[in-house]
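Peer 1: Just so we're aligned, residue 4 is where the sequence shown starts under the working numbering, counting upward by one.
Even glycine gets a Cβ: it sits at the ideal position worked out from N, Cα and C.
My questions all concern the structure below.
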Amino acid sequence: MPDDVTTTEGHSSGEPAGADRPDPTLSVPETPDSPDIPTPEPGAPAPAPEVPDLPELPDLPDLPDAPAPPSTTTPTDDAAPAAGTDEGSAAGADELAHAGSSGPVPMPTVAPRTPPVAIPTVAPSIEPAPMPSPITTSTPADAPDQPTVEPATDQPAPADQADAAPAEQTDAAPADQADAAPADQSDDAAPEPAAAPHPDADPATSTPAPATPGQRPGQRGPRPRGGRPGSPGSRPGGRPGGPGGGRPSPVPATPTHAPAHSTVVEPVVDSVDPHEWGRIDDDGVVYVRTAAGERAIGNWQAGDAEAGLAHFGRKFDDFNTEIALLEARLASGTGDPKATKAQAIALRDQVESLSAIGDLDNAAVRLEIVIGVADAAIAGASTARIAARNAAIKAKEDLCAEAEALAESTQWKSTGDRLKAIVDEWRTIRGIDRKTDDALWKRFAKARDTFTRRRGSHFAELDKQRGAAREAKEELIKRAEALSDASDWGETAAKYRALMEEWKATGRAPRDVEDALWARFRAAQEKFFSRRNKVFSDRDAEFAANAATKEKLLTEAEKIDPAAGLDQAKAKMRSIHERWEAAGKVPRERIRDLDQRLKTIEDRIKAAEDRQWRRTDPETDARVAQFRARVESFQAQAAKARAAGDERKAKQAEAQAKQWEEWLKTAQSAVDR
């Protein structure tokens with residue numbers, strides 16, 4: 004782009020690659036309680052920090068001012084994390100650890116329009132600069148040499164955080180339980196991770212960063228000597244419970260906000276129509292329309308007005324994307340609300356002087372909303388930590404109450420398993436101060452010890468009972484072995500059933516002899532029942548032959564036809580009955596089937612005999628003749644009355660004739676059946 008495009012900030016629009024975006028700076032939100040951090044005047048060179056702790060690195064001399072591209076700034080030392088107090092050092096270290104920072108280093112100049120580092124990529128509808136990895140800034144291809152802040156990969160977890168979670172405490176446990184007290188937790192939740200430094204600082208107050216001689220782009224800047232905030236060695240002495248203390252180092256409590264590796268869903272921002280919100284006059288002066296009227300924001304001499312409008316529209320698109328990213332962070336709960344608020348304030352301060360064409364009034368309103376929502380999130384963080392601590396205490400109190408209720412249980416196996424599960428669950432509950440957690444653990448351990456003592460007493464008594472059961476079962480075995488050679492199958496089987504009932508009522512013997520006793524008792528039973536089964540097997544073979552004989556008799560009986568001669572059929576059936584009885588017994592499972600088939604044949608012959616009797620019964624024939632005579636008599640009376648003209652009498656006679664006719668049919672059917 005030509006070098007003759009200027010803005011009201013006094014910057015040239017002839018920027019390096021990617022310079023058609025707003026002029027952001029990388030800023031770090033101010034950490035509270037940061038003492039002894041001087042703030043240089045705007046425009047002064049940023050001195051390199053002098054840390055005399057490590058003699059192998061020489062002190063860095065003050066460097067003269069070095070020119071930098073007008074779009075780059077260096078944040079003041081006010082943005083460095085505080086390391087002078089317990090809270091400041093712990094919080095700063097934890098926040099930098101979550102954000103991927105490597106400790107306090109001189110803040111480098113950054114490329115224009117570096118978006119918030121919490122978002123790995125940008126929406127395809129806008130044209131921001133390429134996204135860097137977390138806390139790593141990039142420089143334009145043709146920009147001067149600048150140092151690059153890289154994330155530290157070897158930073159340890161903060162070891163001196165105030166009110167850190169204590170380690171596990173082991174109470175004296177019973178002999179059968181070796182569970183130690185789970186790790187106690189700090190009454191304060193882990194500090195919230197710091198959000199990425201914001202790339203939009205006020206250009207009017209920015210200061211160019213001094214370049215380090217001989218340093219290339221992308222190379223790590225000079226690293227200050229001394230420990231990082233919150234790292235071992237950053238403060239004299241160790242905290243109670245640290246290395247060398249009475250408890251092992253605790254595991255940091257889980258943060259109440261989203262983890263640092265969470266990503267924000269990238270908002271898709273529609274490009275603005277620059278014709279709606281601004282114009283470029285014939286002299287190249289660029290104007291933006293706001294509620295207060297038009298405002299000149301720069302001068303465009305690099306091409307036609309359409310290209311200029313597109314350039315300043317893209318700058319507003321990038322600014323609008325910054326706001327949308329902050330809104331997305333708050334909506335998803337990702338990142339530090341304090342850092343989000345600081346970035347929103349920085350963006351709000353740029354609205355009045357922003358060299359971009361778009362709806363600046365709406366952008367200002369949205370930033371105010373972001374600031375308000377961030378304030379609410381900051382206020383709710385403390386409440387959330389207190390609520391989390393109270394919830395953790397309540398959860399452990401519930402576990403203690405459950406353990407106290409289980410202390411009187413007689414379900415030894417399930418209760419013991421549940422108490423072990425409570426210990427495992429106890430270890431997962433964190434965020435409680437050591438004093439409270441110790442008291443709760445002692446309460447739980449007391450209940451568990453009560454149950455353990457009761458269980459020990461129970462099993463001691465059980466051992467005595469099992470000794471008596473062993474003697475009783477040995478006596479039962481002797482009686483069972485004496486019956487094993489008996490041949491009175493029914494009576495002896497009943498005696499064995501009685502012995503089995505006594506065996507069950509005796510109870511269990513000691514575990515190491517119970518199986519052997521049962522094997523002896525079972526062997527005596529099997530000897531008797533094996534002999535009986537052999538006898539019964541031989542008998543079953545005989546019964547099977549008898550069943551085959553009866554099958555043949557049934558086949559013969561099924562061929563009898565009573566219609567061919569009732570007397571002959573009855574004679575054949577009597578012969579079959581005689582041979583049936585002589586065949587003998589059959590297997591028990593065949594008795595019903597064979598008897599049912601024989602009864603069916605007998606019923607068929609008996610039915611034929613009954614029909615013949617009804618047909619030859621004189622009394623039945625006389626009754627049929629009587630019914631037929633009465634029908635004929637009433638029919639004659641009806642005909643006579645109708646001939647005499649007495650229709651009423653004729654109908655009465657016909658009705659009576661019809662009734663007698665029905666009775667005649669019934670009697671006739673009984674004879675024919």
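Leaving out the 5 sequence neighbours to the left and right, which residues in its chain are closer than 6 Å to residue 374 when beta-carbon positions are compared?
Peer 2: 344 and 347
Peer 1: Any idea if residue 506 is buried or exposed, counting beta-carbon neighbours within 10 angstroms, 16 or more meaning buried?
Peer 2: Buried: at least 16 other Cβ atoms inside 10 Å.
Peer 1: Tell me whether residue 340 is buried or exposed, calling it buried when 16 or more other Cβ atoms sit within 10 Å of its Cβ.
Peer 2: buried
Peer 1: Whose C-alpha, out of 637, 508, 514 and 284, is nearest the C-alpha of residue 302?
Peer 2: 284
Peer 1: Considering only residues of the same chain and omitting the five flanking positions on each side of residue 480, which have a CB-CB separation below 7 Å?
Peer 2: 520, 523, 524 and 527
Peer 1: I'd like the list of long-range same chain contacts for residue 641, defined as Cβ closer than 7 Å, with 5 residues on each side in sequence excluded.
Peer 2: 653, 656, 657 and 660
Peer 1: Within 10 Å of its beta-carbon, does residue 294 have 16 or more other beta-carbons around it, so buried, or fewer, so exposed?
Peer 2: Around the CB of residue 294, fewer than 16 other CB atoms lie within 10 Å, so the residue is classed as exposed.
Peer 1: Please report the distance separating the alpha-carbon of residue 212 from that of residue 353.
Peer 2: With a pLDDT of only 37 at residue 212, under the threshold of 50, the placement of this residue in the model should not be trusted; the figure read from the coordinates follows. Whole-angstrom Cα-Cα distance: 21 Å.
Peer 1: When the Cα atoms are used, what is the spatial distance from residue 462 to residue 513?
Peer 2: Their backbone Cα atoms lie some 11 Å apart in a straight line.
Peer 1: Which residues share a DSSP beta bridge with residue 299?
Peer 2: Residue 299 pairs with 290.
Peer 1: Taking the alpha carbon of residue 511 as the reference point, which residue from 274, 282, 470 and 550 has its own alpha carbon closest?
Peer 2: 470
Peer 1: Residue 2 to residue 429, Cα distance in whole Å?
Peer 2: An answer regarding residue 2 cannot be provided, because it is not within the stretch 4 to 676 covered by the chain.
Peer 1: What residue range does the alpha helix (DSSP H) around residue 493 cover?
Peer 2: 492-509
Peer 1: Would you mind listing the alpha helix (DSSP H) stretches within the segment 378-464 that are 4+ residues and don't spill past its ends, in chain order?
Peer 2: 415-431
Peer 1: Tell me the rounded alpha-carbon separation between residue 334 and residue 458.
Peer 2: 54 Å
Peer 1: Between the Cα of residue 559 and those of 493, 547, 638 and 582, spot the shortest distance and give me the residue it belongs to.
Peer 2: 582
Peer 1: What separation, rounded to the nearest whole angstrom, lies between the Cα atoms of residue 289 and residue 379?
Peer 2: 39 Å
Peer 1: In this structure, does DSSP put residue 563 in helix, strand or coil?
Peer 2: When DSSP states are grouped into helix, strand and coil, residue 563 belongs to the coil group.
Peer 1: Is DSSP giving residue 64 helix, strand or coil here?
Peer 2: Reliability of the predicted coordinates at residue 64 is poor, the pLDDT of 37 falling under 50, and no value is obtained from them.
Peer 1: What is the residue span of the beta strand (DSSP E) that residue 281 lies within?
Peer 2: 281-283
Peer 1: Between residue 483 and the ligand NAP, is there a pair consisting of the residue's CB and a ligand heavy atom that are separated by less than 8 Å?
Peer 2: The ligand NAP is not part of this structure, which contains no ligands at all.
Peer 1: Using 8 Å as the threshold, is the segment 392-407 in touch with the segment 429-443, meaning 3 or more CB pairs across them?
Peer 2: yes
Peer 1: Taking only three categories from DSSP, how would you classify residue 329?
Peer 2: helix
Peer 1: Residue 588 by DSSP, collapsed to three states: which one?
Peer 2: Residue 588: coil per DSSP, three-state reduction.
Peer 1: So the candidates are 562, 603, 509 and 546; which of them puts its Cα closest to the Cα of residue 590?
Peer 2: 546
Peer 1: Would DSSP call residue 649 helix, strand or coil?
Peer 2: In the structure shown, residue 649 adopts coil according to DSSP, grouped into three states.
Peer 1: Taking the alpha helix (DSSP H) that residue 343 falls in, what are its first and last residues?
Peer 2: Unbroken alpha helix (DSSP H) run through residue 343: 340-354.
Peer 1: Excluding the five sequence neighbours on either side, which residues of its own chain have a C-beta within less than 8 Å of the C-beta of residue 615, listed in chain order?
Peer 2: 569
Peer 1: Any contact between the segment 313-326 and the segment 269-277? By contact I mean 3 or more CB pairs, one from each, below 8 Å.
Peer 2: yes
Peer 1: Out of curiosity, what's the CA-to-CA distance linking residue 629 and residue 665?
Peer 2: 13 Å
Peer 1: Determine the DSSP secondary structure at residue 636, reduced to helix, strand or coil.
Peer 2: helix
Peer 1: Spatial neighbours of residue 412 within its chain, please: CB distance less than 6 Å, with the 5 preceding and 5 following residues excluded, ordered by chain position.
Peer 2: So the list reads 418, once near-sequence residues are dropped.
Peer 1: From residue 271 to residue 409, what does the alpha carbon distance come to, in whole angstroms?
Peer 2: Taking the CA atoms as reference points, residue 271 sits about 57 Å from residue 409.
Peer 1: When you compare each of 609, 349, 372 and 313 to residue 331 by their alpha carbons, which one comes out closest?
Peer 2: The residue with the shortest Cα to Cα distance from residue 331 is 372.
Peer 1: Comparing alpha-carbon positions, which option in 360, 386 and 439 lies nearest residue 308?
Peer 2: If we check each option's Cα against that of residue 308, 360 comes out closest.
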